[in-house]
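J.: Can you read through this structure? Questions will come right after.
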Amino acid sequence: MITKNQIKYINSLQQKKFRIEHQSFVVEGAKSVLELLKSDFEIELLFVTDDFFEENQTLLQSQTLAFEIIKSGDIEKVGSFSSNNAALAVVKTKKNTELLISENEFALILDDVRDPGNLGTIIRIADWYGITKIICSNSTVDFYNPKVINSTMGSFTRIGLYYTDIEQFIKKQTTNIYGTLLSGENIHRTNFSKSGFIVIGNEANGISEEIEKLITHKITIPRFGGAESLNAGIATAVVLDNVFRQT
């Protein structure tokens, strides 16, 4: 049974200020918790239902952590899922550590991406294409936001995020900086290098003027219809598909 204090604590982690204070966040649902159990994240609390335990008994018992089997109705009292008949975990956040790329590696830079669903989708897309590092502006939505974590479908366990002043970060780089801009080169004709950073801009305003000045290769996704813009997640997928099509 989840105690009243635990319910209060878990519910408080829906807010960024309490996630920062406790250095913890919430992971919900079967898929995400299973991915979590295979990762190097430190689990603080773990609640599972009978069904989840029966289906994953071997994995759970191989872990050196305590967990409690409770009713699904009790799990639904906490977290953000309206229906959760599987599992919920409270997990320790990781240190905000600088991320650099190797000689044959691409990474993403996010310039003020504000929507939690977009960030979660970008993380999931990055995971699909083997991108493991994302550099985020300080104004980009919090990685540990429940909506971000939920929309990654477990991919958050394989992607590292680093929040920093991206203008200063880019100025220190010696590799190619690609940026999606309306005035850029047709991405279908772009010859990508073997490594570099790809900048994805804000949902409404695109890449900021300060960051645009630092981009070494301006690229654009050609438009054939009447839509004004592309969703940030979709744009990320199109760019990465063109990058890795050449590898």
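Residues 1115 to 1361 in the numbering used here are what the sequence shown spells out, letter by letter. Cβ coordinates follow ideal geometry from the N, Cα and C atoms, glycine included. It should be emphasised that the depicted structure is a prediction, and the values quoted were computed from it without experimental measurement.
1) What are the partner residues of residue 1331, as DSSP defines its beta bridges?
2) Short of 6 Å in beta carbon distance, which residues of its chain neighbour residue 1358, apart from the five on each side in sequence? Order them along the chain.
3) For residue 1339, count neighbouring Cβ atoms within 10 angstroms of its own Cβ and tell me buried if that reaches 16, exposed if not.
4) Can you pull the DSSP bridge partners for residue 1276?
5) Under the three-state reduction of DSSP, which class applies to residue 1300: helix, strand or coil?
6) Where do the ends of the beta strand (DSSP E) carrying residue 1205 lie?
7) How far does the alpha helix (DSSP H) with residue 1347 in it extend, from its first residue to its last?
8) Please classify residue 1172 as buried or exposed, where buried requires at least 16 neighbouring CB atoms within 10 angstroms.
9) Does DSSP put residue 1184 in a helix, a strand or coil?
10) In angstroms, rounded to a whole number, what distance separates the CA positions of residue 1191 and residue 1155?
11) Counting only runs that start and end within the stretch 1124-1192, where is the alpha helix (DSSP H) found for 4 or more residues in a row?
12) Classify residue 1187: buried if its beta carbon has 16 or more other beta carbons within 10 angstroms, exposed otherwise.
13) Could you pull out every residue in the same chain whose Cβ sits closer than 7 Å to the Cβ of residue 1088, ignoring the five residues on either side in sequence?
14) Per DSSP, residue 1113 is paired with what?
15) In this structure, how does DSSP classify residue 1305 when only helix, strand and coil are distinguished?
16) How long is the line joining the alpha carbons of residue 1159 and residue 1181, rounded to whole angstroms?
T.: So, from the listed chains and residues:
1) In the DSSP output, where bridge partners are listed per residue, residue 1331 has 1292.
2) Taking C-beta separations shorter than 6 Å and ignoring five residues to either side along the sequence, the partners of residue 1358 in its chain run 1243, following chain order.
3) Exposed, by the Cβ-count rule.
4) Answer is 1249.
5) For residue 1300, the secondary structure class from DSSP, reduced to helix, strand or coil, is strand.
6) Note, residue 1205: beta strand (DSSP E), 1201-1206.
7) Bounds of the alpha helix (DSSP H) holding residue 1347 are 1346-1359.
8) Exposed: under 16 other Cβ atoms inside 10 Å.
9) Correct three-state label for residue 1184: coil.
10) When rounded, the distance between both Cα atoms is 24 Å.
11) Segments of the alpha helix (DSSP H) lying fully in the stretch 1124-1192: 1130-1136, 1144-1151, 1164-1169, 1171-1176 and 1186-1189.
12) That one is exposed.
13) It is not possible to answer for residue 1088, since the shown part of the chain is limited to 1115 through 1361.
14) Because the chain is modelled from 1115 through 1361, residue 1113 falls outside the range shown and cannot be assessed.
15) Secondary structure at residue 1305: coil, using DSSP grouped into helix, strand and coil.
16) The alpha-carbon separation between residue 1159 and residue 1181 amounts to approximately 7 Å.
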